[in-house]
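Working notes for the structure below.
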Amino acid sequence: MIVQSYLDMLKVKSAIRELSEWSTARGAEIGYENVFDYSLGNPSVPCPPQFTQVMIRLLQTAEPVALHGYSPTLTLPSVRQAVADHLRRRFGLPYTAAHIFMTAGAAGALAHALRCVVAPGQEVLTFAPFFPEYKPYVEGLGAVLRVVPPRCQDFQIDLDAFEAMLNPNTAAVLINTPNNPSGAVYSADTLRALADRLRQASQRFGHRIFLISDEPYREILFGGIEAPYPASFYDDTLTCYSFSKSLSLPGERIGYLAANPACEHAEDIVPMCGQISRGTGHNCPASLIQLAVAECLDLTSDLSVYETNMNILYDELCRLGFTVVKPGGTFYIFPKALEADSVAFCEKAKRYDLALVPGDTFGCPGYFRMAYCIDTDKVRRSLPALERFVRTEYPL
40 MIVQSYLDML
50 KVKSAIRELS
60 EWSTARGAEI
70 GYENVFDYSL
80 GNPSVPCPPQ
90 FTQVMIRLLQ
100 TAEPVALHGY
110 SPTLTLPSVR
120 QAVADHLRRR
130 FGLPYTAAHI
140 FMTAGAAGAL
150 AHALRCVVAP
160 GQEVLTFAPF
170 FPEYKPYVEG
180 LGAVLRVVPP
190 RCQDFQIDLD
200 AFEAMLNPNT
210 AAVLINTPNN
220 PSGAVYSADT
230 LRALADRLRQ
240 ASQRFGHRIF
250 LISDEPYREI
260 LFGGIEAPYP
270 ASFYDDTLTC
280 YSFSKSLSLP
290 GERIGYLAAN
300 PACEHAEDIV
310 PMCGQISRGT
320 GHNCPASLIQ
330 LAVAECLDLT
340 SDLSVYETNM
350 NILYDELCRL
360 GFTVVKPGGT
370 FYIFPKALEA
380 DSVAFCEKAK
390 RYDLALVPGD
400 TFGCPGYFRM
410 AYCIDTDKVR
420 RSLPALERFV
430 RTEYPL
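Just remember that my numbering sits 39 ahead of the position in the sequence shown, which is counted from 1.
Printed below as a string of structure tokens:
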């Protein structure tokens, strides 16, 4: 007998993936270059050449059996040490290899982090707008995801709404900064206030509430701003990172979980991750990719195109009368739709070969997301289609 819950999931497809599939099908009809596909957050810049050179050197010089063998249950010690050294230099927290667990991207890190600190039946709080896969991540372990309403004027945290939702069954709070889909970067003031509320609630309820910080966009920042490091503000933080965006390696599925050395049971988190891997069949990311990223921790791809694209779209959206918060990072922008029903708005956009994702899927109806990780030329060529859409469907 098959499991009904997963069969039911087939009826609720990802809005993002459905739009991507529509774009591909439409592209087969009119040429994909004529479809302005803002659906999928797939990095559009190449990985650094140094990463390719490291991969070639490893393949040519490393002993093949060792290079391609299983890594230890807790992942490669030399790589864990390299990541710890990098984080310690960069953020000043006393990480060691004992606090690092290599994972299959940020999704793998989140799967482990959630299972470390959330038991079935407990609650995880997150903040709208949020990455829609958080729901299956949390519900897949038998927990409950509760969503704090958005503060739409700047997409920082509504602290009063957050505090009202905290309760004795809250096990963890899940944040994403820089944020998908809004592009907002949580400020130091926001993170400081969040940490204060978490400490007070932990004391009030008699148990630690963990902060799980999802940070795959940490390196994609605009206007010279820096993203404050959430673990610097709150001891009980598990940081989940991916090299998919910083090094443009989404297909390699490599990231890590970093347990703040000051968190509760800090010495147990990584060994627990090893046991979680046994139970989920995770069984370590590829040894070759672990070794390669360990030599590229201080590098990024050339990410400047994302800021170029953001500024082009932001200026045009403002000119056309959209209400939009200027992103501080990522490769997403999240304007308010020109009607209350953002699903209908995005359906109308398809008539103009524009693939826009409705905000409903991010817990924020009335808005829509554009993933501008595409060629700048295509961004510019999309502007007339965007203007035709607005002027035709929403005339003044």
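Just so it is clear, CB atoms sit at the ideal spot from N, CA and C, and this is done for glycine as well.
Cut-off 8 Å between Cβ atoms - residues of its own chain near residue i, not counting five sequence neighbours on either side
i	result
I264	V224, G367, G368
F428	K387, A388, R390, Y391, L393
Q192	V364
A227	P267, F272
L113	R119, F140, V309, P310, C312, G313
F130	Y268, A270, S271
E377	Looking at the sequence shown, residue 377 is not Glu but Leu. Only G360, F361, F384, V429, E432, Y433 meet the Cβ criterion.
P188	A167, D197, A200
I259	P217, K284, S285, L342, Y345, G368, T369, F370
A11	What the structure shows of the chain is the stretch from 40 to 435, and residue 11 is not part of that stretch, so it cannot be assessed.
Residue i - containing beta strand (DSSP E), residue span
i	result
S281	276 to 281
T165	162 to 166
Y295	294 to 298
T112	Run containing T112: none; DSSP gives neither H nor E here.
A210	209 to 215
V183	183 to 187
Supposed contact pair residue j and residue i - C-beta distance, whole angstroms, cut 8 Å
i	j	result
I308	R419	With a Cβ gap of about 47 Å, I308 and R419 do not count as contacting.
T214	L250	Thr is not the amino acid found at residue 214; the sequence shown has Ile there. Right, their Cβ atoms sit about 7 Å apart.
S110	S326	5 Å
V122	L336	7 Å
A158	A211	10 Å between Cβ atoms; not a contact.
E426	L359	6 Å
V163	A182	6 Å
K417	F75	7 Å
P87	S252	Wrong, their Cβ atoms sit about 25 Å apart, outside the cutoff.
A145	P324	Their Cβ separation, rounded to whole angstroms, is 12 Å, which puts A145 and P324 out of contact at 8 Å.
Residue i - containing alpha helix (DSSP H), residue span
i	result
N350	343 to 358
F140	Not the alpha helix (DSSP H): F140 falls in the beta strand (DSSP E), residues 139 to 142.
P106	According to the sequence shown, residue 106 is Leu rather than Pro. 103 to 106 is the extent of the alpha helix (DSSP H) around L106.
L330	326 to 333
T91	88 to 100
L198	198 to 204
L46	43 to 48
K365	Here K365 belongs to no alpha helix (DSSP H), and DSSP marks it neither H nor E.
S316	305 to 319
K174	173 to 178
G66	54 to 69
Sequence-distant residues of its chain with Cβ nearer than 6 Å to residue i (five each side left out)
i	result
L205	A240
A298	H138, L277, A305, I308
Q161	A182, N208, A210
S221	P168, F194, F373
W61	none
Residues near residue i by beta carbon distance below 7 Å, same chain, minus five either side
i	result
V186	T165, A167, F169, G402
A301	D274
L422	E355
A148	T142, C279, Y280, G294, Y295, L296
Y353	V363, K365, I372
F282	L288, I293, G294, V332
M349	F261, P366, I372, Y411
V382	P397, D399
Report task. For the region 319 to 333 and the region 284 to 300, state whether three or more C-beta atom pairs, one from each stretch, are separated by less than 8 Å. Result -> yes
Query - Stretch pair the region 79 to 89 + the region 401 to 421: three plus CB contacts closer than 8 Å - result: As far as the Cβ criterion goes, the region 79 to 89 touches the region 401 to 421, which means the pair count is three or higher.
Query - Length at least 3, wholly inside the region 370 to 418: the beta strand (DSSP E) runs in chain order - result: 407 to 410
Query raised in the report: At which residue ranges does the region 222 to 272 contain complete beta strand (DSSP E) runs of 3 or more residues, listed in the order of the chain?
Result: 249 to 253
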